[in-house]
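These notes concern the structure reproduced below.
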Amino acid sequence: MQKMSPKNIKILFLEARYFDSFFRQRPNPCLSLYMLAAFLKDNMPEINFEFTFTTSQDYKEQIAGKSYDLCGIYSTTQAWNQACEVATRMKELNIMSIIGGPHISSVPESLTPHFALGCIGPGELVLKRIVQLYIKYDCLPTSEISNMNGVVFYENGKIKIKESSAKIPNLDCLPSPYKYFLKPNRIRTNLISSVGCPHNCYYCSAKVINPFLRFYSAEKLVDEIEFLFKVYKISYFKFIDDNLLASRTRLRNIAKLLEKKKLLNKISIDCTSCSKFINKDTAKLLKLLNVKIVTIGFESGSETVLEKLKCNRITMDDHHRALELLISNHIKVYGNFMVGTPGETIEDVKKTILFIKKNKMSVVAVNFIKPLPGTPFWNHLVTSKKIDQDNVNYQELSLTSCNNKKWYFNDSMSYEEAVHYYNLINRMCLINNIKNNLKNPILYQTIYSQLIQLGSYFMRKIKPKVLI
Numbered sequence: 001m002q003k004m005s006p007k008n009i010k011i012l013f014l015e016a017r018y019f020d021s022f023f024r025q026r027p028n029p030c031l032s033l034y035m036l037a038a039f040l041k042d043n044m045p046e047i048n049f050e051f052t053f054t055t056s057q058d059y060k061e062q063i064a065g066k067s068y069d070l071c072g073i074y075s076t077t078q079a080w081n082q083a084c085e086v087a088t089r090m091k092e093l094n095i096m097s098i099i100g101g102p103h104i105s106s107v108p109e110s111l112t113p114h115f116a117l118g119c120i121g122p123g124e125l126v127l128k129r130i131v132q133l134y135i136k137y138d139c140l141p142t143s144e145i146s147n148m149n150g151v152v153f154y155e156n157g158k159i160k161i162k163e164s165s166a167k168i169p170n171l172d173c174l175p176s177p178y179k180y181f182l183k184p185n186r187i188r189t190n191l192i193s194s195v196g197c198p199h200n201c202y203y204c205s206a207k208v209i210n211p212f213l214r215f216y217s218a219e220k221l222v223d224e225i226e227f228l229f230k231v232y233k234i235s236y237f238k239f240i241d242d243n244l245l246a247s248r249t250r251l252r253n254i255a256k257l258l259e260k261k262k263l264l265n266k267i268s269i270d271c272t273s274c275s276k277f278i279n280k281d282t283a284k285l286l287k288l289l290n291v292k293i294v295t296i297g298f299e300s301g302s303e304t305v306l307e308k309l310k311c312n313r314i315t316m317d318d319h320h321r322a323l324e325l326l327i328s329n330h331i332k333v334y335g336n337f338m339v340g341t342p343g344e345t346i347e348d349v350k351k352t353i354l355f356i357k358k359n360k361m362s363v364v365a366v367n368f369i370k371p372l373p374g375t376p377f378w379n380h381l382v383t384s385k386k387i388d389q390d391n392v393n394y395q396e397l398s399l400t401s402c403n404n405k406k407w408y409f410n411d412s413m414s415y416e417e418a419v420h421y422y423n424l425i426n427r428m429c430l431i432n433n434i435k436n437n438l439k440n441p442i443l444y445q446t447i448y449s450q451l452i453q454l455g456s457y458f459m460r461k462i463k464p465k466v467l468i
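Shown next as structure tokens:
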């Protein structure tokens, strides 16, 4: 069999999306796909890449008349139905699909035969090996795949799972996603300061996907900012991971390097953090770095619920300290909350409402908690046989929807009561956000999303009784 030349290979990277209001205005696929593509491009510079994204409505139009050798699909749990639909169509077109992302890493046994294989956890080295095999064999032989780690595949009709894929310890060696393909958003460009998560929150699967926390160095991050500032005139950056503030030493070095390059007063930053990372020193550094907004997952105003959600790592004192320090330093706060946690009572929800009312957050958002695969919440329900993993419609697990009672597992508050308070808080959030951000186009998407959620609620004509 004649080996294929790398220059003749076309790889389609594709993000599966479920039709949720949050995604309607986002034009590009997720940053992870561009990072993978840039990694492959550096290692195999003659490969041809083509990018697109998909929803259940429009992906067929986007691939019409085009030919690809491989299709790399990224999927969250909520978009799993769409990912399977895309893989089915790709198989009909004789295009092999490789699935990666949060869902398959959390539930590798959910792989269907429409996929050639799934990538568990970090994908750089696995995907590189897959491309090498395809170049050599013009296919992906099971005999070769079975020797790899970090993959899930079918062998003789049975699922085989090979976990513990190799990880790149030094993130600084990875190329920028903006190096080749991705044009940065001129309003606000996304960056990543770390990969992985050290925590094990009750509701979050991040630790399952990337259990080992790895950091980009201050030098690498500042070089990226300088490149984007000089080449694309970008001055507003958003760090989309949770760990920019995890190391005060690195944060301090970022400030020193930006000052050295005379960028300190020319850029603005948004970031995400947990309240525990924010103290007096951190707040001063954030002000020095011209940080405009810090997003914090407060989740609840109840100490009892917070202990469960954050596994006793974060307290209400941490929340109050973070808010006081940020607001006193004129840094806006974007607060995220949840309703419906098992064990949460009406009194607990009222504490959350009071916390939101008392504290001057510029933006507030609320989710209706659902069990996501790989989380302690999910694992408990599987162990107690309250979930049948073989019979799940994963699209029902949207955190912005409260219209499916079967995914509600709180015996301390009725489903109708939880829906009532979720929509009450959502209305509070919407009023707060419109009032505070009418002149801030960066936050229009959040307001739009909440309008859609509330509109959907009234269209369904769910009318819970008035609760006192």
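Numbering of the sequence shown is given in the working numbering, commencing with residue 1 and proceeding in unit increments.
Ideal Cβ positions, reconstructed from N, Cα and C, are used throughout, including at glycine.
### Query
Alpha carbon to alpha carbon, what distance is there between Lys256 and Lys515?
Because the chain is modelled from 1 through 468, residue 515 falls outside the range shown and cannot be assessed.
### Task
Could you pull out every unbroken beta strand (DSSP E) segment of at least 3 residues lying fully inside the stretch 149-217, listed in chain order?
The stretch 149-217 contains these whole beta strand (DSSP E) runs: 151-155, 158-162 and 189-191.
### Pair within 7 Å by beta-carbon distance, Pro113 and Tyr154
Counted from its first residue, the sequence shown places residue 113 at position 113. Counted from its first residue, the sequence shown places residue 154 at position 154. Yes, these two residues count as a Cβ contact at 7 Å.
### Chain-order list of residues whose beta-carbon lies under 6 Å from that of Asn336 (same chain, five-residue window excluded)
By 1-based counting over the sequence shown, the position of residue 336 is 336. The beta carbon of Asn336 lies closer than 6 Å to those of Gly297 and Ala365 in the same chain, with the five residues before and after it left out.
### Task
Take every Cβ of the stretch 347-354, pair it with every Cβ of the stretch 367-382, and state whether three or more of those distances are shorter than 8 Å.
With the cut-off at 8 Å, the stretch 347-354 and the stretch 367-382 do not touch.
### Message
Can you look up Phe115 in the DSSP assignment and give me helix, strand or coil?
### Response
Counting from one through the sequence shown, the residue named residue 115 turns up at place 115. Phe115 carries a coil assignment under DSSP once its states are collapsed to helix, strand and coil.
### Task
Grab me the residues of Arg24's own chain with a C-beta within less than 6 Å of its C-beta, minus the 5 sequence neighbours each way, in chain order.
Counting from one through the sequence shown, the residue named residue 24 turns up at place 24. Reliability of the predicted coordinates at Arg24 is poor, the pLDDT of 48 falling under 50, and the value obtained from them is presented with this limitation in mind. Nothing meets the Cβ criterion.
### Task
Write down the C-beta distance between Met44 and Leu70 rounded to the nearest angstrom, noting that I regard them as a contact closer than 8 Å.
Mapped onto the sequence shown, residue 44 falls at position 44. Mapped onto the sequence shown, residue 70 falls at position 70. Actually they are not in contact, since the Cβ atoms of Met44 and Leu70 sit about 12 Å apart, beyond 8 Å.
### Task
Compute the Euclidean distance between the alpha carbons of Ile159 and Leu111, then round it to the nearest angstrom.
The residue labelled residue 159 in the question sits at position 159 within the sequence shown. The residue labelled residue 111 in the question sits at position 111 within the sequence shown. Taking the straight line joining both Cα atoms gives about 8 Å.
### Task
Count the other C-beta atoms from every protein chain shown that fall within 10 angstroms of the C-beta of Leu12, then say buried if there are 16 or more, exposed otherwise.
Position 12 of the sequence shown holds residue 12. Label assigned to Leu12: buried.
### Query
What first and last residue would you give for the beta strand (DSSP E) that runs through Ile104?
Walking along the sequence shown from the start, residue 104 turns up at place 104. Bounds of any beta strand (DSSP E) do not take in Ile104; it lies within the alpha helix (DSSP H) bounded by Pro102 to Ser106.
### Task
Over the uninterrupted beta strand (DSSP E) stretch that includes Asn336, give me the two end residues.
Working through the sequence shown from its first residue, we reach residue 336 at position 336. Lys332 to Val339 is the extent of the beta strand (DSSP E) around Asn336.
### Query
From which residue to which residue does the beta strand (DSSP E) around Leu70 run?
Within the sequence shown, residue 70 is the residue found at index 70, counting from 1. DSSP places Leu70 inside the beta strand (DSSP E), whose first and last residues are Leu70 to Tyr74.
### Query
By Cβ distance below 8 Å, which residues in the same chain neighbour Phe229 in space, the five residues on each side in sequence not counted?
Walking along the sequence shown from the start, residue 229 turns up at place 229. In the same chain as Phe229, and ignoring 5 residues on each side of it, the C-beta atoms closer than 8 Å to its own belong to Ser235, Leu263, Lys266 and Ile267, in chain order.
### Task
Tell me where the alpha helix (DSSP H) around Cys139 begins and ends.
In the sequence shown, residue 139 corresponds to position 139, counting from 1. That residue, Cys139, is in no alpha helix (DSSP H); it is neither H nor E in DSSP.
### Query
Between Ala83 and the rest of its own chain, which residues show a CB-CB distance below 7 Å, the 5 nearest in sequence each way excluded?
The residue given as residue 83 occupies position 83 in the sequence shown. Contacts found: Ala16, Ile73, Ser75 and Ile99.
### Query
Are Leu244 and Arg214 touching if we call contact CB-CB under 7 Å?
Position 244 of the sequence shown, counting from 1, holds the residue named residue 244. Position 214 of the sequence shown, counting from 1, holds the residue named residue 214. The Cβ atoms of Leu244 and Arg214 lie no closer than 7 Å to each other.
### Query
Skipping 5 residues on each side, what residues in its chain have a beta carbon closer than 8 Å to that of Met428?
The sequence position of residue 428 within the sequence shown is 428, counting from 1. Here Met428 has Ile353, Ile356, Lys357 and Val364 as same chain residues with Cβ atoms under 8 Å from its own Cβ, once five neighbours each way along the sequence are excluded.
### Query
Under the rule that 16 or more other beta-carbon atoms within 10 Å means buried, what is Gly101, buried or exposed?
Along the sequence shown, one-based indexing puts residue 101 at 101. So Gly101 counts as buried.
### Message
Could you tell me the alpha carbon to alpha carbon distance between Ile293 and Ile120, rounded to whole angstroms?
### Response
Along the sequence shown, one-based indexing puts residue 293 at 293. Along the sequence shown, one-based indexing puts residue 120 at 120. Rounded to whole angstroms, Ile293 to Ile120 spans 33 Å at the Cα level.
### Query
Any contact of the stretch 131-142 with the stretch 175-194, i.e. 3+ C-beta pairs under 8 Å?
The stretch 131-142 is not in contact with the stretch 175-194.
### Task
Determine the DSSP secondary structure at Tyr134, reduced to helix, strand or coil.
Counted from its first residue, the sequence shown places residue 134 at position 134. Of the three classes helix, strand and coil, the one that applies to Tyr134 here is helix, per DSSP.
### Message
Considering only their Cβ atoms, is the gap separating Leu325 from Ala283 smaller than 7 Å?
### Response
The residue given as residue 283 occupies position 283 in the sequence shown. The residue given as residue 325 occupies position 325 in the sequence shown. With respect to Leu325, Ala283 sits close: the two C-beta atoms are nearer than 7 Å.
### Message
In the DSSP output, what is Asp270 paired with across the bridge?
### Response
Position 270 of the sequence shown, counted from the start, is the residue given in the question as residue 270. According to DSSP, Asp270 bridges with Lys238 and Ile293.
### Query
Measuring CB to CB, does Leu397 end up less than 7 Å from Thr77?
Residue numbering aside, residue 397 sits at position 397 when the sequence shown is read from its first letter. Residue numbering aside, residue 77 sits at position 77 when the sequence shown is read from its first letter. Yes.
### Task
Out of Lys167, Gly301, Lys308 and Ile240, state which residue places its alpha-carbon closest to the alpha-carbon of Thr295.
One-based indexing of the sequence shown puts residue 295 at position 295. When only C-alpha atoms are compared, the closest one is Ile240.
### Pairwise C-alpha distance: Leu430 and Ser21
By one-based count along the sequence shown, residue 21 stands at place 21. By one-based count along the sequence shown, residue 430 stands at place 430. Bear in mind that a pLDDT of 44 at Ser21, under 50, signals an unreliable position, so the number given afterwards is only what the model happens to contain. Taking the straight line from one Cα to the other gives about 15 Å.
### Query
Name the DSSP beta bridge partners of Val366, please?
Here residue 366 refers to the residue found at position 366 when the sequence shown is read from its first residue. Per DSSP, the beta-bridge partners of Val366 are Phe337.
#### Entry: Alpha-carbon spacing of Leu309 relative to Tyr68, whole angstroms
One-based indexing of the sequence shown puts residue 309 at position 309. One-based indexing of the sequence shown puts residue 68 at position 68. Leu309 and Tyr68 have their C-alpha atoms roughly 43 Å apart.
#### Entry: Residue nearest to Met338 in terms of C-alpha spacing, selected from Ser362, Lys238, Tyr408 and Lys287
The count along the sequence shown starts at 1 and reaches residue 338 at position 338. For Met338, the nearest C-alpha among the options comes from Tyr408.
#### Entry: Residue from Gly301, Ser328 and Ile331 whose Cα sits closest to the Cα of His319
What you label residue 319 is simply residue 319 of the sequence shown in a count that begins at 1. Taking the Cα of His319 as reference, the smallest distance to any Cα among Gly301, Ser328 and Ile331 is reached at Gly301.
### Task
Below 8 Å on the Cβ atoms is my guess for Leu372 versus Ser205; work out the distance and round it to an integer in Å.
Within the sequence shown, numbered from 1, the residue matching residue 372 stands at position 372. Within the sequence shown, numbered from 1, the residue matching residue 205 stands at position 205. Right, the Cβ-Cβ distance comes to about 5 Å (below 8 Å), so this counts as a contact.
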